[in-house]
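Quick note on numbering: the UniProt record's numbering labels position 127 of the sequence shown as 127, and the sequence is numbered without any gaps. Think of the CB as a built atom: it goes at the ideal place given N, C-alpha and C, for glycine as much as any other residue. Here the structure is laid out as structure tokens; the discussion comes afterwards.
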Amino acid sequence: MALACQAFLEAGLDRIWQDLRPLEPLICCLPVDVWYDDRGKSLLEKALTRDHLERYLTFYAHRIRSLAPYSVPSKKGHMSSELLQAIQIATDHKHGVLSPCLKQFGRDSPGDPLDGYISLFPEETALYQSSLISVTTHLASRLKKLAIDVGCDANPAALLIESFRWTSLEELPLLRHLSIRDTVDTIDYFNPPESPSPTDFSSLHLLSVRGCWLSDIKKFFQAVPSGNKIEEVIAAITGPARVIECQLALSAVAEHGNHSTLRSIDIRDCVDDTPADYELEMYPGPSNQDQDLSCLSPFVNLQNLVVNLQANIQLSPRQVALIPT
Numbered sequence: 001m002a003l004a005c006q007a008f009l010e011a012g013l014d015r016i017w018q019d020l021r022p023l024e025p026l027i028c029c030l031p032v033d034v035w036y037d038d039r040g041k042s043l044l045e046k047a048l049t050r051d052h053l054e055r056y057l058t059f060y061a062h063r064i065r066s067l068a069p070y071s072v073p074s075k076k077g078h079m080s081s082e083l084l085q086a087i088q089i090a091t092d093h094k095h096g097v098l099s100p101c102l103k104q105f106g107r108d109s110p111g112d113p114l115d116g117y118i119s120l121f122p123e124e125t126a127l128y129q130s131s132l133i134s135v136t137t138h139l140a141s142r143l144k145k146l147a148i149d150v151g152c153d154a155n156p157a158a159l160l161i162e163s164f165r166w167t168s169l170e171e172l173p174l175l176r177h178l179s180i181r182d183t184v185d186t187i188d189y190f191n192p193p194e195s196p197s198p199t200d201f202s203s204l205h206l207l208s209v210r211g212c213w214l215s216d217i218k219k220f221f222q223a224v225p226s227g228n229k230i231e232e233v234i235a236a237i238t239g240p241a242r243v244i245e246c247q248l249a250l251s252a253v254a255e256h257g258n259h260s261t262l263r264s265i266d267i268r269d270c271v272d273d274t275p276a277d278y279e280l281e282m283y284p285g286p287s288n289q290d291q292d293l294s295c296l297s298p299f300v301n302l303q304n305l306v307v308n309l310q311a312n313i314q315l316s317p318r319q320v321a322l323i324p325t
């Protein structure tokens, strides 16, 4: 429709260029005699000039809102360091020149050659053009949502999460959502402060920890002051949880959560949540496998409670009656 009607052309181009995963569309805007493809990697045929980039910079760069370029060289549309450096030189090292209106930028492989040229994408953010960490630090003051996924068998010291120090997260003034997924025990390297400052995590509303142990949630709560504003807590693991571990997670929420602000608690392990095909006793007798939920009763504004564990959950009629409605 956009090609058939001039009135729809701009809107159509905006939609096509809004979200980019590979950088192939950008590369294809270059004259065909300037670059060539070598097994998925774009290399230069001759020296790059500003004129070669003019078509892309004039008509398309300002349309990009979300960008998550591939980090795998074999993927089509992967820019070589040679091409990125040539673009940087041709544009006089201007920050954000390739996507001046960018709102979201995703990276899935720290250590990729693209890291040295991050300043080409987000506008006016790079403190040092060769440092991904400096860009991240500069952006941090405006960061509202942070999701950290550590799912590879790597030395934690080599991970981005270690380079961007844990101890600086509590100082992010606008951080509302903190989500951490760790399947290789990187959380073991996190040592919470003995007494967090009242201003730490001042805007945090959601804390989600998905890792090897349910009790990991305690470490993060210990880094949050008692007067926190957290409204939602999620703690989950992919394997079965021990009884003591489940109770530690519940106790950590009860001890460190704000009784006035917390509205949602979701704690679970890999237990199958489909209904049982056999009849269960309504109020079975107590056992050493029970989970005690009574510690959650002080949360007067709690609206959503999910406790999905392999262990038994002991909740008597008297305790049910104490739940605020």
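* Alpha carbon to alpha carbon, how far is Val307 from Ile265? -> Position 307 of the sequence shown, counting from 1, holds the residue named residue 307. Position 265 of the sequence shown, counting from 1, holds the residue named residue 265. Roughly 8 Å separates the two Cα atoms.
* Give the C-beta separation of Leu250 and Leu296 to the nearest angstrom, bearing in mind that I take them to be a contact with Cβ-Cβ under 8 Å. => Translated into positions along the sequence shown, residue 250 becomes position 250. Translated into positions along the sequence shown, residue 296 becomes position 296. At roughly 7 Å, the Cβ-Cβ gap stays under 8 Å, so Leu250 and Leu296 are in contact.
* Helix, strand or coil for Lys219, going by three-state DSSP, please let me know. => Position 219 of the sequence shown, counted from the first residue, corresponds to residue 219. The answer is helix: DSSP assigns Lys219 an H, G or I state.
* Of the residues Thr49, Pro198 and Gly211, which one's Cα is nearest the Cα of Leu83? -> By one-based count along the sequence shown, residue 83 stands at place 83. Leu83 has its Cα closest to that of Thr49, out of Thr49, Pro198 and Gly211.
* Rounded C-alpha distance that separates Glu10 from Val253 -> On the sequence shown, residue 10 is found 10 positions in, with the first residue counted as 1. On the sequence shown, residue 253 is found 253 positions in, with the first residue counted as 1. One C-alpha to the other measures close to 51 Å.
* Answer yes if the region 142-149 comes into contact with the region 85-99, meaning at least three C-beta pairs across the two stretches below 8 Å, and no otherwise. => no
* **Where Ile64 falls: helix, strand or coil (DSSP)** => The residue given as residue 64 occupies position 64 in the sequence shown. Ile64 falls in the coil class under three-state DSSP.
* Own chain partners of Ile16 with C-beta closer than 7 Å, once the 5 adjacent residues on each side are dropped -> By one-based count along the sequence shown, residue 16 stands at place 16. Contacts found: none.
* Asked: Nearest-angstrom Cα distance between Ser195 and Leu175?
  -> The residue labelled residue 195 in the question sits at position 195 within the sequence shown. The residue labelled residue 175 in the question sits at position 175 within the sequence shown. Approximately 20 Å, taken between the alpha carbons.
* Asked: Ala7 lies in the beta strand (DSSP E); which residues open and close that run?
  -> Here residue 7 refers to the residue found at position 7 of the sequence shown. Per DSSP, Ala7 belongs to no beta strand (DSSP E) and is neither H nor E.
* How would you write the range of the beta strand (DSSP E) that Ile267 sits in, first residue to last? -> In the sequence shown, the residue the question calls residue 267 occupies position 267. From DSSP, the beta strand (DSSP E) with Ile267 extends over Ser264 to Arg268.
* Quick one: give me the first and last residue of the alpha helix (DSSP H) that Ala254 is part of. => Within the sequence shown, numbered from 1, the residue matching residue 254 stands at position 254. From DSSP, the alpha helix (DSSP H) with Ala254 extends over Val243 to His256.
* To do: Taking His205 as part of the beta strand (DSSP E), name the residues at either end of that continuous run.
  => For the purposes of this step, residue 205 is taken as the residue at position 205 of the sequence shown. Premise fails: His205 is in no beta strand (DSSP E) and is neither H nor E.
* To do: Kindly indicate which residue of Tyr117, Ser81 and Ala61 has the alpha-carbon position closest to the one of Leu43.
  => Along the sequence shown, one-based indexing puts residue 43 at 43. Closest by alpha carbon: Ser81.
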